[in-house]
Amino acid sequence: MTAHGRSIAGRALHPESLMMGYGYDPARSEGAIKSPIFQTSTFVFESAEAGKSFFELAYGLREPNEGEIPGLIYSRLNNPDLEILEDRLCLWDGAESCATFASGMAAVTTSLLASVRPGDVVLYSAPIYGGSDHFVRHVLPTFGVEGIAFAAGVPLVGTARDAIHSAVRGRRVGAILVETPANPTNALVDIADVAALARELEVDGHRPLVMVDNTFLGPVFQHPLQHGADIVLYSATKFIGGHSDVIAGAALGSREAMAPIRGLRTFLGTMASPWSGWLLMRSLETLKLRMTAAAINAGEVARFLAAHPKVARVYWLGLMPEDDPMRPVYDRQCSGPGSLVAFDVRGGEAEAFRFLNALQLIRLAVSLGGTESLAEHPGTMTHADVSPAEQARFGMTPALVRLSIGIEEIGDLLADLGQALDAV
Ligand code: PLP
106 MTAHGRSIAG
116 RALHPESLMM
126 GYGYDPARSE
136 GAIKSPIFQT
146 STFVFESAEA
156 GKSFFELAYG
166 LREPNEGEIP
176 GLIYSRLNNP
186 DLEILEDRLC
196 LWDGAESCAT
206 FASGMAAVTT
216 SLLASVRPGD
226 VVLYSAPIYG
236 GSDHFVRHVL
246 PTFGVEGIAF
256 AAGVPLVGTA
266 RDAIHSAVRG
276 RRVGAILVET
286 PANPTNALVD
296 IADVAALARE
306 LEVDGHRPLV
316 MVDNTFLGPV
326 FQHPLQHGAD
336 IVLYSATKFI
346 GGHSDVIAGA
356 ALGSREAMAP
366 IRGLRTFLGT
376 MASPWSGWLL
386 MRSLETLKLR
396 MTAAAINAGE
406 VARFLAAHPK
416 VARVYWLGLM
426 PEDDPMRPVY
436 DRQCSGPGSL
446 VAFDVRGGEA
456 EAFRFLNALQ
466 LIRLAVSLGG
476 TESLAEHPGT
486 MTHADVSPAE
496 QARFGMTPAL
506 VRLSIGIEEI
516 GDLLADLGQA
526 LDAV
C-alpha cells in the first residue's frame, strides 16, 4: 500500500477523487484506512543529527537536499494531520503551499501581519466580513498601517480607480485584501483587475500582495489563484468544515508567497490543532457533494423569495441580470453561484426581526456553509461594528437578512420561509 498519487495512467485525478486518500500512507499507521489523529505536542528524533537537520530546514538555514522531506519537530510547526490536510487543500486551488490556522481570523490576521510594516497602507474591498473589517480599521492602525476601503460590486475604472491612487498618495501598499463575493451582499470584485491594480501600485520594486477571502464560493466554485491572486484565504469553519462543529482557517499560494505567512504562524502560534485537522479531512471527502447540493437548494430559495410579495430584493449570484456591469466578472471568475442568499424584507429592521423570530426549521445563528440552513441579520449581528453610514454606503439595508442554505429537503425549507414571511 502506498500513498495515493495524483494520476492514473497519465490521467490527472480530480480533487474529489483524491480527498479520501491523497498524501496519506496507511503502511505508516498500522494499515488504518484513515489517518489517525496525531494528538501529540512533540516528535521524537531518531538521533541528534536528525534533530539538527530538521531544524536547519525549519529555520531555512539551508535548502532541502534532492527528495528530502522536512522531519516532524513539534506540533506548532508541523503535524501529520495538518500536513495531509494542507496537501489536500492545495489540490482544489492549484496552490503549491497551504498553511492551516486555528480560525479564519487567524488566517486573515497572520497573512496581513506577515505583509505589512509601519507606514504601509492596506487596501480592502467593502463590505467585508465584520471581523476582518475590525482588524483592518481598528487594529492595524495601532501598528501604523492605514486601511483604505474601495467598494465591491462596481468595476474599478475611472473615478473609482483614481480615488484609490489619490488616497494611497504613492505610499507602500502592503496588501490588497479582497472578499468576493462579499459578505453579506454577494457583491463581486474582479480579481484579475485587482491584480492589475497591484502592479500599478508597485513602489521601489515592492508590489502589494493580492489576498482573496474565498470563503463564500471556494474551494469548489472559485479559484482566485487562477485569476492573479497571490494568497487565497478561508474560514475553514464554513464550507470546508461544513458541519458547524469546528473553527479553523487556511491560507494558500505559491511557496514563495506563503513562506513569510507560514513563518509567522510558527511564532504567533496561530496553527490549527491535530483534532481540527482530522475533522477537516473528514469533511473534505463530501465537500463537493455538500456545496453542489446546497447551491441547488439556494437556487430554489432565491427564486421563491424573488417572487414573494413581502420581499423587496434578493442578492444571489444566480439571479444576476445579464446587463449587470459585474456579470462578465461572474461569468469569468465563478463556476457556480454558491448557497448564500441575502434579501431585503419589505420594511426595515422590525420586519426583518419578525421574520427571523418566526423561523422554525432554519436556525437563527451567525456562520454559514454548514449542512443546516442558518439565518441572521448582518446589520446588527456579523457587521454590527460597521457604522450605519458605512453599511448604507456598501449596500446593506436595515431590512437585510442573510441566509446560508443547507442540504435539507427543499420543500421543508420553502415551507419554513413561507410561514416566517407570513408572520411579517
Ligand atoms: N471570512 C469570512 C468571509 C467569514 O464569513 C468569516 C466568519 O464568518 C471569517 C472570515 C472569519 O472566520 P472564523 O470565524 O473561522 O475566524
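Remember, the working numbering sits 105 above the position in the sequence shown when you count from 1.
All residues carry an ideal CB built from backbone N, CA and C; glycine is no exception.
Between the CA atoms of residue j and residue i - distance to the nearest angstrom
| i | j | result |
| --- | --- | --- |
| Ala280 | Ala219 | 10 Å |
| Gly224 | Gly347 | 39 Å |
| Gly176 | Ile336 | 26 Å |
| Ala520 | Arg111 | 44 Å |
| Ala457 | Phe344 | 25 Å |
| Asp318 | Val283 | 6 Å |
| Phe326 | Gly443 | 7 Å |
| Gly275 | Gly310 | 13 Å |
| Arg222 | Leu245 | 10 Å |
| Pro232 | Arg507 | 14 Å |
| Gly516 | Val406 | 10 Å |
| Arg432 | Val273 | 28 Å |
| Ala303 | Arg312 | 6 Å |
| Met376 | Gly368 | 11 Å |
| Leu330 | Leu196 | 12 Å |
| Glu188 | Arg451 | 49 Å |
| Pro493 | Phe255 | 17 Å |
| Gly263 | His332 | 22 Å |
| Arg418 | Asp436 | 22 Å |
| Glu161 | Phe150 | 14 Å |
Burial state of residue i, where buried means 16 or more other Cβ atoms lie within 10 Å
| i | result |
| --- | --- |
| Phe248 | exposed |
| Pro426 | exposed |
| Thr290 | buried |
| Tyr420 | buried |
| Pro141 | exposed |
| Ala117 | exposed |
| Trp380 | exposed |
| Val434 | buried |
| His328 | buried |
| Thr320 | buried |
| Thr107 | A caution first: Thr107 carries a pLDDT of 44, below 50, which makes its placement in the model unreliable, though a value can still be read off. With fewer than 16 other Cβ atoms within 10 Å, it is exposed. |
| Ser388 | buried |
| Ser440 | exposed |
| Gly323 | buried |
| Leu123 | buried |
| Ala200 | buried |
| Ile113 | exposed |
| Thr215 | buried |
| Asp267 | exposed |
| Ile366 | buried |
| Gln438 | buried |
| Asp198 | buried |
| Leu526 | buried |
Of the residues the options, the one placed nearest residue i, counting alpha carbons only
| i | options | result |
| --- | --- | --- |
| Gly374 | Asp298, Phe206, Ser444 and Thr320 | Phe206 |
| Met316 | Ile142, Ser230, Phe409 and Tyr435 | Ser230 |
| Pro301 | Glu481, Ala334 and Gly368 | Note that residue 301 is Ala in the sequence shown here, rather than Pro. Among Glu481, Ala334 and Gly368, the Cα nearest to that of Ala301 belongs to Ala334. |
| Phe148 | Phe159, Asp309 and Ile178 | Ile178 |
| Arg360 | Glu151, Ser158, Ser202 and Pro169 | Ser202 |
| Val308 | Arg181, Val226 and Arg367 | Val226 |
| Ser146 | Gly354, Leu182, Gly156 and Gly128 | Leu182 |
| Ala355 | Met210, Leu384 and Val450 | Met210 |
| Gly484 | Ser158, Pro131, Asn288 and Leu473 | Asn288 |
| Gln496 | Val294, Ala470 and Asp238 | Asp238 |
| Ser180 | His119, Ala399, Arg468 and Arg370 | Arg370 |
| Arg468 | Phe499, Glu513, Val294 and Ala455 | Glu513 |
| Gly475 | Asp527, Gly172, Met396 and Asp428 | Met396 |
| Ala398 | Leu445, Gly172 and Leu424 | Leu445 |
| Leu190 | Ser134, Ala341 and Glu135 | Ala341 |
| Met363 | Ala204, Pro120, Ser134 and Val250 | Ala204 |
Assumed close pair residue i, residue j - CB separation to whole angstroms, cut-off 8 Å
| i | j | result |
| --- | --- | --- |
| Ile269 | Leu228 | 7 Å |
| Ile296 | Ala403 | With 8 Å as the limit, Ile296 and Ala403 do not qualify as a contact, their Cβ atoms being about 22 Å apart. |
| Pro430 | Val213 | The Cβ separation is near 28 Å, so there is no contact. |
| Phe460 | Val529 | 5 Å |
| Val416 | Leu422 | In fact, because the Cβ distance is near 17 Å, the residues do not count as touching under 8 Å. |
| Leu505 | Ala412 | The Cβ separation is near 19 Å, so there is no contact. |
| Asn184 | Phe143 | 6 Å |
| Glu477 | Ser349 | 7 Å |
| Val471 | Glu481 | 5 Å |
| Asp449 | Thr487 | About 16 Å separates the two Cβ atoms, so there is no contact after all. |
| Gly382 | Asp186 | 3 Å |
| Val101 | Leu306 | With the chain running from 106 to 529 in the structure shown, residue 101 is simply not present. |
Any C-beta of chain B under 8 Å from that of residue i
| i | result |
| --- | --- |
| Leu194 | Judged by its chain identifiers, the structure shown contains no chain B, having just a single protein chain. |
_As an exercise, report each continuous beta strand (DSSP E) stretch of at least 3 residues that is fully enclosed by the region 189 to 243, in chain order._
202 to 206 and 226 to 231
*Quick one: complete beta strand (DSSP E) runs, 3+ long, within the region 371 to 437?*
Runs of the beta strand (DSSP E) inside the region 371 to 437: 416 to 420.
_Segments of 4+ residues assigned as alpha helix (DSSP H) that fall wholly inside the region 251 to 306_ = 264 to 273 and 296 to 305
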